[in-house]
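Undergrad:
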Amino acid sequence: MRNRDLSILIIRLTVGILMLLHGIYKLNHGIGGIVGMVEAKGLPGFIGYLVFIGEIIAPLLIIIGYRTRVGALLLLTNMLFVIFLVFQHSIFALGPHGGWKLELVGFYLFGALALFFSGGGKYALSSKTKWD
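Going by the working numbering, the first residue of the sequence shown is number 37, and it counts up by one from there.
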């Protein structure tokens with residue numbers, strides 16, 4: 037069981053820290069054209085600011101292991117929205133080096149999915165709750 041918990045901890049920290057760094061960059065430099073992309077899809081512009089929930093709050097929940105599944109669900113929702121908003125027409129396209137064009141988005145998406153199903157593990161702040 038210890039190896040499983042250690043694996044979950046490594047996934048939590050990797051996904052959480054990388055996404056948090058991405059979110060901190062957006063906090064420091066603004067969300068750029070996200071509001072414009074949201075409005076171009078016919079949605080209200082304020083939805084673009086919800087990116088901070090998926091890229092700041094969710095990673096913090098995942099890193100500390102408090103309500104890990106809730107954080108993973110927020111991150112999953114954020115990544116699905118990104119795919120819908122940005123990569124809808126090129127979802128299966130390969131890059132010039134043969135890699136999937138959405139490698140990083142896919143990493144966050146499937147990392148969050150793994151955490152949603154596994155929970156926070158033994159090293160989580162709230163390892164005894166249903167929504168750890």
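Here a beta-carbon is modelled for each residue, glycine too, at the ideal position from N, C-alpha and C.
Could you give the C-beta distance for Leu-112 and Phe-152, rounded to a whole number, given that I count them as a contact under 8 angstroms?
TA: Confirmed, Cβ separation roughly 6 angstroms.
Undergrad: If we ignore side chains and look at the alpha-carbon of each, how far apart do Lys-158 and Leu-57 end up?
TA: If I take the Cα positions, the gap works out to 25 angstroms.
Undergrad: When we look at the beta-carbon of Gly-101 and count the other beta-carbons within 10 Å, is it buried (16 or more) or exposed?
TA: The residue in question, Gly-101, is buried, as its Cβ has 16 or more Cβ neighbours within 10 Å.
Undergrad: Run the CB neighbour count on Pro-173, radius 10 Å, all protein chains shown included, and call it buried at 16 or more, exposed below.
TA: Beyond the ends of the chain as shown, which are 37 and 168, falls residue 173; an answer cannot be given.
Undergrad: Am I right that Val-141 and Val-118 are in contact with their C-beta atoms under 8 angstroms? What's the rounded C-beta distance?
TA: Sure, about 6 angstroms apart at Cβ, within 8 angstroms.
Undergrad: Does the beta carbon of Phe-123 fall short of 7 angstroms from some heavy atom of the ligand MG?
TA: Absent from the structure shown: the ligand MG. Ligands present: none.
Undergrad: Is there contact between the stretch 40-58 and the stretch 74-88, where contact requires at least three CB pairs shorter than 8 angstroms?
TA: The stretch 40-58 vs the stretch 74-88: no contact.
Undergrad: By the three-class DSSP mapping on this structure, what secondary structure does Leu-145 have?
TA: Helix, per DSSP.
Undergrad: Counting contacts by CB-CB distance shorter than 8 angstroms, is Ile-46 in contact with chain B?
TA: Looking for chain B here will not work: only one protein chain is present.
Undergrad: Name the two residues that bound the continuous alpha helix (DSSP H) containing Val-122.
TA: Careful: Val-122 lies outside any alpha helix (DSSP H) and carries neither H nor E.
Undergrad: Could you give the residue range of the alpha helix (DSSP H) that holds Lys-62?
TA: Its alpha helix (DSSP H) spans residues 38-65.
Undergrad: Which residues in the same chain have their Cβ closer than 6 angstroms to the Cβ of Leu-145, if we skip the five residues on either side of it in sequence?
TA: Around Leu-145: Met-115.
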